[in-house]
Structures are given as structure tokens and as C-alpha cells.
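Chemist:
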Amino acid sequence: KQEVTQIPAALSVPEGENLVLNCSFTDSAIYNLQWFRQDPGKGLTSLLLIQSSQREQTSGRLNASLDKSSGRSTLYIAASQPGDSATYLCAVQGNTPLVFGKGTRLSVIA
Amino acid sequence: KAGVTQTPRYLIKTRGQQVTLSCSPISGHRSVSWYQQTPGQGLQFLFEYFSETQRNKGNFPGRFSGRQFSNSRSEMNVSTLELGDSALYLCASSLGQGFPTDTQYFGPGTRLTVL
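Okay, here's the thing in C-alpha cells:
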């Protein structure tokens, strides 16, 4: 059974810092991995999707990497801003519905 | 193109009651999946409907049920509500190609509070 773990559960950083969020999964037989953003009480916004054949994806200040063999992904956020404050979820896709981690709650302090 | 819509956005019910939540997918999408999000368990898959048929099911009791209409709109029903059913219920729509190729697009969710 696929399990997804995100560390840390919460993170607080000053504005302007670069930061890394971690995601690990137990079964490397995945099709893709997605990073989502969730604002309090709201739905999910897809940030980046990495296919299993890819090593990384970039969108603006965000860069996500995937090491399928070791079951790890990282989300790098450059020059963090208060507007980046949210919960970040990773989810893996295999031949099953999406399996989500419990998220990292990020606070960027101005 | 309009996104996934869910109604109502907020609901308050008491234990023992039943509730129906609605999800309208993106135009052209034929698959709707439902997820429950709680602080303790995180996001968990409930079920998926495609062409009015349940195609996949998560590990939830029979009190949770759903259906899909010919226009792909979906409803989720929870009977005999328990306090532990308080959660954010998210629906996601996709073209319907099936796992793993489908990309899911999430709605804003319905916040259910059971008192």
C-alpha cells in the first residue's frame, strides 16, 4: 500500500528565504507526482506535475524534483513571499487514485 | 472554461441526519472523484464515477454513497451522520481516461460540520 510522508509538517521562514519542502513515498511504481497548494478552507491548486520519466519541473519561482528510485521529491521555493503562505501537498499517482501526503503548512513572515 | 463547482460550500448538520453534496465537473469531463479531508487522516479517496457507474471505491463505510447523472454531474450522500464525518469534501473531475493517465482538477470543496 502506497504511503506518502511530508516533512516538516509546518515551517515558518522570513520573507526572501529560499526553502525546500520534502515528500517521500514507499512504492516507486508511480506514474507521476504532483505538488498542490491549498489555502485555508479552500480546494487544491495544482502547482507542478512531474511524470515518472522526468527528473524535475519548473514554474516561476517553483522547482520540483523527483527521484523515483529513492522514493523522494522536493519542492524548492525561491525568494519566498508572504503570499506563498499555504499548505503544500504532494500526491503520487499509480494505477490507483491519487495518494496524498498530509502536507507542509508554510508561513512566510514579512 | 468554467472550473469544477461544488454546492453548497458550507453545511452544518446534526448527528443522525443525512446530507447530499453536489459536484459539477468541467465541461467535457466524464469522471468525478470524491475525497474527504480531515486534520487527522488528511486527504482520502472516497469513490470515482465514470459514465454514471462507480468505477473505483475507497475504504469507507456504506453510509457514504454517490451517483452520477447523464450530464456527468455527481452527488455524494452520507447517511446517519457521525461527528467524525466533519470534514472538507473535495470533488475532482477528469476526462475519464482512467488511472494513471487522467489529470484531476479539484473544486473548492464543501465544508461539512456535524454537531
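Protein chains in written order, with this note's numbering: chain A, 1 to 110; chain B, 1 to 115.
Positions of the beta carbon are idealized from the N, C-alpha and C atoms, including for glycine.
In the DSSP assignment, the beta strand (DSSP E) including R67(B) goes from what residue to what residue?
Modeler: Residue mapping note: residue 67(B) aligns to position 67 of the second sequence, counting from 1. Unbroken beta strand (DSSP E) run through R67(B): 64-68.
Chemist: Below 8 Å on C-beta distance, what does L106(A) contact in chain B?
Modeler: Residue numbering aside, residue 106(A) sits at position 106 when the first sequence is read from its first letter. In chain order: nothing, as chain B lies at least about 16 Å away.
Chemist: How about the stretch 46-61 of chain A and the stretch 70-80 of chain A: do they share at least three Cβ pairs that are nearer than 8 Å?
Modeler: The stretch 46-61 of chain A is in contact with the stretch 70-80 of chain A.
Chemist: Taking any Cβ of chain A, which residues in the stretch 47-63 of chain B have a Cβ under 8 Å from it, in chain order?
Modeler: Taking 8 Å as the Cβ-Cβ cut-off against chain A, the residues of the stretch 47-63 of chain B that qualify are E48, N56, G58.
Chemist: Could you name the residues of the same chain whose beta carbon sits closer than 6 Å to that of I109(A), not counting the 5 residues immediately before and after it, in chain order?
Modeler: The count along the first sequence starts at 1 and reaches residue 109(A) at position 109. Excluding residues within five positions, the ones whose Cβ falls inside 6 Å are P14.
Chemist: Relative to chain B, which residues along the stretch 83-102 of chain A have a C-beta separation below 9 Å, given in chain order?
Modeler: Flagged, chain order: L89, A91, Q93, G94, N95, T96, P97, L98, V99, F100, G101, K102.
Chemist: Output the residue ranges of the beta strand (DSSP E) runs that lie fully inside the stretch 72-101 of chain B and measure 3 residues or longer, sorted by chain position.
Modeler: List check, beta strand (DSSP E) in window: 74-78, 87-94.
Chemist: Note the first and the last residue of the continuous beta strand (DSSP E) segment covering D67(A).
Modeler: Here residue 67(A) is taken as the residue at index 67 of the first sequence, counted from 1. Taken as a continuous stretch (DSSP letters only), the beta strand (DSSP E) holding D67(A) covers 62-67.
Chemist: In terms of residue numbering, what span does the beta strand (DSSP E) encompassing T103(B) cover?
Modeler: Numbered from its first residue, the second sequence carries residue 103(B) at position 103. Taken as a continuous stretch (DSSP letters only), T103(B) belongs to no beta strand (DSSP E), as it is neither H nor E.
Chemist: Check the C-beta distance from I30(A) over to G94(A) and give it rounded, since I have them as a contact under 8 Å.
Modeler: Along the first sequence, read from residue 1 onward, the residue named residue 30(A) stands at position 30. Along the first sequence, read from residue 1 onward, the residue named residue 94(A) stands at position 94. About 5 Å; that satisfies the 8 Å criterion.
Chemist: Measure the alpha-carbon distance for L88(B) versus F106(B) and round it to whole angstroms.
Modeler: If you number the second sequence from 1, residue 88(B) lands on position 88. If you number the second sequence from 1, residue 106(B) lands on position 106. One C-alpha to the other measures close to 12 Å.
Chemist: Ends of the beta strand (DSSP E) at S24(A)?
Modeler: What you label residue 24(A) is simply residue 24 of the first sequence in a count that begins at 1. Looking at the DSSP string, the run of the beta strand (DSSP E) that includes S24(A) is 19-25.
Chemist: By Cβ distance below 7 Å, which residues in the same chain neighbour S52(A) in space, the five residues on each side in sequence not counted?
Modeler: On the first sequence, position 52 is the one that residue 52(A) refers to. I30, Y31, N32, K68.
Chemist: In whole angstroms, what separates the C-alpha of G16(B) from that of P82(A)?
Modeler: Working through the second sequence from its first residue, we reach residue 16(B) at position 16. Working through the first sequence from its first residue, we reach residue 82(A) at position 82. Those two C-alpha atoms are separated by around 42 Å.
Chemist: Closest by CA to L49(A), which one among T103(B), T113(B), T110(B)?
Modeler: Residue mapping note: residue 49(A) aligns to position 49 of the first sequence, counting from 1. Of the listed residues, the one whose Cα sits closest to L49(A) is T103(B).
Chemist: Let me see if you follow: with CB-CB separation under 7 Å, is G60(A) close to chain B or not?
Modeler: Sequence index remark: in the first sequence, residue 60(A) carries index 60 (1-based). It does not: the Cβ of G60(A) has no partner Cβ on chain B nearer than 7 Å.
Chemist: Would you call the stretch 81-96 of chain B and the stretch 21-28 of chain A touching, i.e. three or more CB-CB distances under 8 Å?
Modeler: With a cut-off of 8 Å, the stretch 21-28 of chain A and the stretch 81-96 of chain B do not count as touching, because too few Cβ pairs lie within range.
Chemist: So, L21(A) versus R37(A), is the Cβ gap smaller than 7 Å?
Modeler: Here residue 21(A) refers to the residue found at position 21 when the first sequence is read from its first residue. Here residue 37(A) refers to the residue found at position 37 when the first sequence is read from its first residue. Not in contact: L21(A) and R37(A) (Cβ atoms no closer than 7 Å).
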